[in-house]
Amino acid sequence: MELFRIAGGTRLAGDVPVTGAKNSVLKLMATALLAEGRTVLTSAPQILDVAIMAEVLRRLGCTVTMDGGRVTIDCPESLGSEADYDLVRRMRASICVLGPLLARTGEAKVALPGGDNIGSRGLDMHIAGLTRLGAEVTSEHGYVIARSGQLAGAGVWLDFPSVGATEQILMAAVLAKGTTVIDNAAREPEIVDICTLLTEMGAQISGAGTSTIEIEGVEGLHPVTHETLPDRIVAGTWAIAAVMSRGDVTVLGAQARHLEITLDKLVTAGATVEPLLGAPGFRVAMETRPRAVDVVTLPYPGFPSDLLPMAIALGAVSEGASMVTENVFDSRFMFVNELTRLGADVRTDGHHAVVRGRERLSGAPVRATDIRAGAGLVLAALCADGGTEISDVSHIDRGYPDFVANLRGLGADITRVDVPEPDFPLTF
Ligand code: EPU
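Residue numbers for the sequence shown follow this note's numbering, beginning at 85 and rising by one.
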């Protein structure tokens with residue numbers, strides 16, 4: 085069992101690099117299924133989820149190698165069609181192979197991922213979208229099974245601008261016959277990144293980054309080399325960490341324009357935020373205790389739901405009370421119970437949380453329940469008196485490459501320790 089042991093109270097200062105976005109590269113890897121031959125993705129983060137997606141692709145017949153931040157995918161002419169539960173349950177993003185497999189082979193069988201610690205996470209819009217393109221989709225024995233002849237372009241209206249459903253439909257529609265229009269499409273930068281890759285591969289797409297994406301199907305795509313866009317959630321985590329620790333952090337390689345609302349909130353809290361001259365990145369500096377700010381999560385360009393735990397952690401040490409509203413997932417507040425173990429004053433009601441800031445938090449043993457909740461707890465622990473031990477850190481490792489090394493580089497007192505599981509006699 086691995087833990088993070090943190091001694092709170094250090095001011096974070098220095099430079100920290102941001103690599104490619106987890107939520108982009110996983111889908112870019114699935115996109116590689118659409119073209120026979122060698123796709124190369126650069127700036128990939130070295131995290132467990134990339135290794136899991138590599139295994140998903142290998143079991144479909146691809147050869148995948150990972151060398152530093154370079155992922156090379158050799159996709160054969162003839163692909164398998166099944167993604168098993170043992171991989172999908174470890175990483176629900178595996179579901180994104182459904183659309184490309186269907187487009188390439190006419191059939192796909194992917195295990196249903198189920199819910200997780202942030203919410204119920206349905207697939208109804210993925211399925212309705214693929215059905216609109218002509219697929220027959222059923223669900224049997226824990227698998228979603230999709231079959232089709234040649235997919236045909238169609239109009240698809242999403243009830244909610246779902247990132248996953250937009251990607252799924254995009255990846256199927258590029259090889260469909262005719263025109264597909266996705267209305268109420270997600271506008272996240274990661275969607276734009278996938279559309280950029282698809283266009284480089286020969287797809288015809290307009291409207292990426294807007295609510296209406298139009299795709300003119302083509303006969304085939306060719307493999308290319310593509311650089312993954314920087315991770316805005318990791319960059320936002322560093323920005324909030326700088327403010328909470330009253331530090332001075334330069335986030336190298338990040339795109340400030342992908343974090344406009346987040347950085348604006350930090351300025352309202354009292355921080356100075358400046359772009360770097362001549363290079364991507366920004367500097368966040370904070371001299372005083374942050375002022376409380378209200379936060380409402382929404383699909384992009386709104387405040388990202390993935391930064392909600394960090395926003396609550398920020399509120400927990402700010403001066404005054406913040407109202408934090410979650411509009412994307414139904415159980416994102418689950419981690420609040422862990423945060424209150426560190427002394428935070430948080431009350432939740434439905435999708436609202438009222439956070440009353442405290443001058444100091446106090447260290448305690450806590451548990452990471454998902455990637456972002458884990459990162460939020462680390463930020464809170466860095467501001468707490470005394471020591472905190474965070475368990476289940478494998479969640480955090482899924483989203484934050486070199487997290488401990490990067491934090492130590494900024495001056496944090498954090499170590500990863502391997503401890504044996506407690507050994508109780510639990511027999512009856
Ligand atoms: N939803 C449905 N039906 C669907 C699809 C989505 O009800 O068919 C609901 C979900 O249950 C959720 C909401 O719509 O309540 C939004 O889901 P969305 O599809 O937009 O999210 P996702 O594709 O499952 C991705 C990221 C998440 C990120 C969200 C929102 C990946 C691998 N995951 O999830 O990232 O929070 O978009 O931006 O890209 C993370 O990185 O920690 C993470 C959870």
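Where is the CB? At the ideal position from N, CA and C, for every residue including glycine.
Residue range of the alpha helix (DSSP H) that includes residue i
i	result
residue 279	273–284
residue 492	487–493
residue 456	455–466
residue 368	Element bounds for residue 368: not the alpha helix (DSSP H) but the beta strand (DSSP E), 365–369.
residue 393	392–401
Chain-order list of residues whose beta-carbon lies under 6 Å from that of residue i (same chain, five-residue window excluded)
i	result
residue 155	125 and 128
residue 272	247 and 384
residue 355	327, 368 and 370
residue 331	95, 96 and 97
residue 209	242, 246 and 249
residue 392	381, 410 and 416
residue 108	274, 277, 312 and 313
residue 352	377
Within 7 Å, strictly: CB atoms of residue i and residue j
i	j	result
residue 229	residue 250	no
residue 252	residue 190	no
residue 101	residue 337	yes
residue 195	residue 495	no
residue 177	residue 110	yes
residue 457	residue 426	no
residue 297	residue 266	yes
residue 117	residue 180	no
residue 122	residue 374	no
residue 411	residue 381	yes
residue 174	residue 136	yes
residue 472	residue 281	no
residue 232	residue 219	yes
N-terminal and C-terminal residue of the beta strand (DSSP E) that residue i is part of
i	result
residue 88	86–91
residue 348	Where residue 348 is concerned, there is no enclosing beta strand (DSSP E), although the alpha helix (DSSP H) it sits in stretches over 344–352.
residue 497	497–502
residue 101	97–101
residue 75	Nothing can be reported for residue 75, as the shown portion of the chain is limited to 85 through 512.
residue 415	Note, residue 415: premise wrong, no beta strand (DSSP E); not H, not E.
residue 187	Taken as a continuous stretch (DSSP letters only), residue 187 belongs to no beta strand (DSSP E), being part of the alpha helix (DSSP H) at 182–189.
residue 300	296–300
Contacts around residue i, its chain only, beta-carbon distance under 7 Å, and the 5 residues preceding and following it disregarded
i	result
residue 139	171
residue 470	92, 446 and 447
residue 399	376, 406, 408, 439 and 441
residue 268	241, 242, 245 and 295
Of the residues the options, the one placed nearest residue i, counting alpha carbons only
i	options	result
residue 92	355, 474, 503 and 349	474
residue 270	284, 241, 282 and 261	241
residue 390	375, 321 and 421	321
residue 89	507, 497, 364 and 506	497
residue 430	310, 396 and 159	396
residue 94	444, 301, 165 and 510	444
residue 201	478, 453 and 499	453
residue 262	174, 288 and 510	288
residue 401	309, 300 and 325	325
residue 341	186, 502, 365 and 419	365
Residues that residue i bridges to, as DSSP identifies them
i	result
residue 159	121
residue 449	473
residue 234	Paired residues: none, contrary to the question.
residue 437	408 and 432
residue 375	403
Chain B contact for residue i (CB, 7 Å cutoff)
i	result
residue 356	The chain inventory of the structure shown lacks chain B, comprising one protein chain alone.
Ligand 3 heavy atom lying under 6 Å from the CB of residue i
i	result
residue 207	Summarising the ligand content, the structure contains ligand 1 and does not contain ligand 3.
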